[in-house]
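**Q** One structure follows; several queries about it will come next.
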Amino acid sequence: MSESRLIEISPVTRVEGHGKVTIHLNADNEVDEARLHIVEFRGFERFIRGRLMWEVPVIVQRLCGICPVSHHLAAAKAMDMIAGVDQLTPTAEKMRRLMHYGQVMQSHVLHFFHLAAPDLLFGFGAPAEKRNIFEVIKEQPELGKRAVLMRKYGQEIIEATAGKKIHGTGAIPGGINRNLSTERRDHFLASIDEMIAWAQDAVKLARDYTLEHEDLVSEFGSFPSNYMSLVRESDGALDLYHGTLRALSSTGDTIFDQVPYTRYHELIVEDVRSWSYMKFPFIKTLGPDAGWYRVGPLARMNTASFIDTPLANAALADLKAVTCGTPNNSTLANHWARMIEVLHCVEKIRELLNDPDLQGSDLVVTGDRREEGIGVIEAPRGNLIHHYKVDEHDQVTYCNLIVSTTHNNEGMNRAVKDVAVKHLSGREKITEGMLNHVEVAIRAYDPCLSCATHALGQMPLQVELFGADGTLVDSQTQCV
Amino acid sequence: MLLIGYGNPGRGDDGLGPAFSEGMAARALPGLEVDTDYQLVAEHALAVSGHDLVIFADAEMGGEEAFSFREIAPGAPDVLGSHSLVPETVLALAETLYGACPKAFVLGISGYEYGEVKEGLSEKAGANLAAAEAFFLDWLAGEISSRHAAHA
């Protein structure tokens, strides 16, 4: 009888940050266990303590070089609350929204064209040397050029609203520190129609892939789950910047709806497991087994009642038709959802550029100081929660962050196991192409592993050493 | 001519690249366009495609001298991630997408302290930055002079 085997994929490629997957095969080469391990440790929640509240929206951007704006805006929203501001001026809110739509657009474009496209165009089992952006560009150079220009457009929107492409300073507690000049507005308007046309083409590309590979998409890392996102308070529309919390079951039943996000801690519990730095959140009323949920583009398509921009709403209807209006549980459909959001963002950018409020000069409001602030936003990868408490000296005394990749932790682990069981079990020889199937399942969530690790002192790391006969030889637990 | 300085000023000596490019931008040197960023990304391919000469300035770990200066050619890495574009990859993207193949150099300035989240260069890195600046200004003067001679 052959011995059991352990297969590692380390690092997982074409995702942000560093992760590790371990797959345990038994003596018959059947998959016993498969896990995504988060091996990076950031400790942001600890070292943000003691910093002045005004600094926080800028500092937290260091969590990530890809979605810094999402952290910037979530922290700024929390600081609005501490500054006693419940309603920003129209100019401030619209500038922040413009910044956010630019951010989501560029992040989604980067993921789809640079990270996911090689798998979709060449197949999950294609040789590794074929699965990269250069091969995509060789086959479709026009697509490559569009990807560069779309990302550049989003980055320039960020620069115009935040002052810098990365780690800007635009949002401040109670408002924003600049408006949009008419020169910059006209610059962006000059190419907005082209951006919309390209976004429509990208939606078609992702849609056609999904429908043409329906058999693969419906079974690949797919399973029923709950879904959670912000939705617009008044009517349940998709809203990436602000709203209330809504969670639906895999069949579309409401778990909770229109709950203010300041009550997130009444709804969600963060579970800890010894083999990962990343926590496992679940919906409190359902418990850890039934209460785990997914966030992100597909989750938002599932939870939103509609989209308030016409082209994206038509695309949403197209997506929802596949599952007759019930939530879509296909992990790979995230790519289609992601491109619908690009189209929505570009439509929103056009709407805002034509709004004279962006040239307004009423930028900041003040209110009665509070000691606690919670800011929630729909980041490119999903729901992002920032929670702070400050003392009388304006210094942060408490910080809790639940980033999108953490919300999706259970979903990613299940996708890894599902794909491992379907594509690796019973195989005598494991090829690189087979292992890429596992990576494709993770990549569909566009995880940002850099952001997703947790606070210094709160996350015990357990190391267990097993002998050849399976007995535990040594065990060490450390609080780092 | 384009200079791109990149790195994270919030990570100690990793800010050498931005410190270099910002120092050059402040001098407003004629004929030198300057860009500063945290990392190299795909759209830098578009930027370099519009120039015949590009200099990438970055912090260098483990350098034996204060700085190094070497010419580079386009090259695709084994693994391509959005966080991990290297100058050779930017050149390869520019060549593949736009048919551009500018002459390119990497100026690597030796740094020592990267671990902490803090702004500001270590003393030794600051001295290396000054040495790199002196070298670059001298090199640039020679480059401009030879260009003028070629056009005469």
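In the order they appear, the protein sequences are chains C and Y. For the first sequence, this note's numbering gives the first residue as 1, with consecutive numbering after it. For the second sequence, this note's numbering gives the first residue as 1001, with consecutive numbering after it. All C-beta atoms, glycine included, are put in the ideal place defined by N, C-alpha and C.
Please list the partners that residue 137(C) has in chain Y, where partner means a Cβ-to-Cβ separation under 9 Å.
**A** Per Cβ cutoff of 9 Å: 1093, 1096 and 1097.
**Q** Residue 1010(Y) CB to nearest chain C CB: under 8 Å?
**A** Yes, contact with chain C.
**Q** What residues of chain Y sit near residue 224(C), judged by a beta carbon separation below 7 Å?
**A** Neighbours of residue 224(C) on chain Y: none; closest Cβ ~31 Å, over 7 Å.
**Q** Cβ of residue 1034(Y) within 8 Å of Cβ of residue 1042(Y)?
**A** It is not a contact, given that the beta carbons lie outside the stated cut-off.
**Q** Find the residues of chain Y that neighbour residue 513(C), judging by a C-beta separation of less than 7 Å, and give them in chain order.
**A** With chain C running from 1 to 480 in the structure shown, residue 513(C) is simply not present.
**Q** Report the start-end ranges of each alpha helix (DSSP H) in the stretch 1048-1100 of chain Y that is 4 residues or longer and not cut off at the edges.
**A** The stretch 1048-1100 of chain Y contains these whole alpha helix (DSSP H) runs: 1087-1098.
**Q** Would you kindly work out how many angstroms separate the C-alpha atoms of residue 1047(Y) and residue 77(C), rounded to a whole number?
**A** Roughly 34 Å separates the two Cα atoms.
**Q** Under 8 Å, with one C-beta from each stretch per pair, do the stretch 213-231 of chain C and the stretch 415-427 of chain C reach the 3-pair mark?
**A** The stretch 213-231 of chain C, when compared against the stretch 415-427 of chain C, does touch it at the 8 Å Cβ threshold.
**Q** For residue 1005(Y), report the span of its beta strand (DSSP E) as first-last.
**A** Where residue 1005(Y) is concerned, the enclosing beta strand (DSSP E) stretches over 1002-1006.
**Q** Give the range of the alpha helix (DSSP H) segment to which residue 119(C) is assigned.
**A** Per DSSP, residue 119(C) belongs to the alpha helix (DSSP H) from 117-122.
**Q** Which same chain residues end up closer than 8 Å to residue 54(C) when comparing Cβ atoms and leaving out the 5 residues on each side of it in sequence?
**A** Cβ neighbours of residue 54(C) beyond the five flanking positions: 79, 172, 173 and 394.
**Q** So that I know if they touch, is there some Cβ in chain C lying closer than 8 Å to that of residue 1137(Y)?
**A** Judged by the 8 Å Cβ criterion, residue 1137(Y) is not in contact with chain C.
**Q** Under three-state DSSP, which class holds residue 361(C)?
**A** Of the three classes helix, strand and coil, the one that applies to residue 361(C) here is coil, per DSSP.
**Q** What residue does the alpha helix (DSSP H) around residue 209(C) start on, and which one ends it?
**A** Here the alpha helix (DSSP H) through residue 209(C) covers 182-212.
**Q** Using alpha carbons as the reference points, say which of 404(C), 366(C) and 349(C) lies closest to residue 358(C).
**A** Minimum Cα distance to residue 358(C) is reached at 349(C).
**Q** With the cut-off set at 8 Å, would you say residue 124(C) and residue 322(C) are in Cβ contact?
**A** No, the Cβ-Cβ distance between residue 124(C) and residue 322(C) is not below 8 Å.
**Q** Does residue 262(C) come out as helix, strand or coil in the three-state DSSP assignment?
**A** In the structure shown, residue 262(C) sits in a helix (DSSP, three-state: H, G or I).
**Q** Using a beta-carbon distance below 8 Å, is residue 1052(Y) in contact with chain C?
**A** With 8 Å as the cut-off, residue 1052(Y) does not count as an interface residue toward chain C.
**Q** With distances taken from CA atoms, which of 305(C), 60(C), 106(C) and 287(C) is nearest residue 236(C)?
**A** Measuring from the Cα of residue 236(C), the nearest candidate turns out to be 305(C).
**Q** So which of 49(C), 63(C), 362(C) and 151(C) has the shortest CA-CA distance to residue 198(C)?
**A** Nearest of 49(C), 63(C), 362(C) and 151(C) to residue 198(C), Cα basis: 151(C).
**Q** Below 8 Å, can you find three or more Cβ-Cβ pairs linking the stretch 377-393 of chain C to the stretch 251-260 of chain C?
**A** The stretch 377-393 of chain C, when compared against the stretch 251-260 of chain C, does not touch it at the 8 Å Cβ threshold.
**Q** At the level of alpha carbons, what is the spacing between residue 1014(Y) and residue 438(C)?
**A** So the alpha carbons of these two residues sit roughly 34 Å apart.
**Q** Name the chain C residues that come within less than 8 Å of residue 1100(Y), Cβ to Cβ?
**A** None at all; the shortest Cβ gap to chain C is about 12 Å.
**Q** Can you give the beta carbon distance from residue 1067(Y) to residue 1128(Y), rounded, assuming they're within the 8 Å contact cut?
**A** At roughly 6 Å, the Cβ-Cβ gap stays under 8 Å, so residue 1067(Y) and residue 1128(Y) are in contact.
**Q** Check whether the stretch 147-163 of chain C touches the stretch 95-115 of chain C, counting contact only when three or more Cβ pairs, one atom from each stretch, lie closer than 8 Å.
**A** Judged by Cβ distances under 8 Å, the stretch 147-163 of chain C makes contact with the stretch 95-115 of chain C, as three or more pairs qualify.
**Q** Output needed for residue 252(C): all residues of its chain with C-beta closer than 6 Å, excluding positions within five of it in sequence on either side, in chain order.
**A** Hits under 6 Å: 326 and 327.
**Q** Taking Cβ-Cβ distances shorter than 7 Å, what residues in chain Y pair up with residue 144(C)?
**A** Those within 7 Å of residue 144(C) in chain Y are 1097.
**Q** Is residue 27(C) closer than 8 Å to residue 112(C) when the C-beta atoms are compared?
**A** Against a cut-off of 8 Å, the Cβ pair of residue 27(C) and residue 112(C) comes out as no contact.
**Q** Strictly by DSSP, which residues pair up with residue 228(C)?
**A** Beta-bridge pairing links residue 228(C) to 247(C).
**Q** Residues bridged to residue 395(C) by DSSP?
**A** For residue 395(C), which the question treats as bridged, DSSP gives the partners 52(C).
**Q** Can you give me the Cβ contacts of residue 1136(Y) inside the same chain, cut-off strictly under 6 Å, excluding the 5 residues immediately before and after it?
**A** Nothing listed; no residue qualifies.
**Q** To the nearest angstrom, how far is the alpha carbon of residue 75(C) from that of residue 375(C)?
**A** About 6 Å.
**Q** If you draw a straight line from the C-alpha of residue 1082(Y) to the C-alpha of residue 60(C), how long is it?
**A** A caution first: residue 1082(Y) carries a pLDDT of 49, below 50, which makes its placement in the model too unreliable to give a value.
**Q** Distance check for residue 142(C) and residue 35(C), CA to CA, integer angstroms please.
**A** For residue 35(C) and residue 142(C), the distance between alpha carbons rounds to 38 Å.
**Q** Return the residues of the stretch 1029-1040 of chain Y that lie within a Cβ-Cβ distance of less than 7 Å from chain C, sorted by chain order.
**A** Those would be 1037, 1038 and 1039, in chain order.
**Q** What does a CB cutoff of less than 6 Å around residue 1118(Y) pick up in its chain, not counting 5 residues either side in sequence?
**A** Same-chain partners within the cutoff: 1012.
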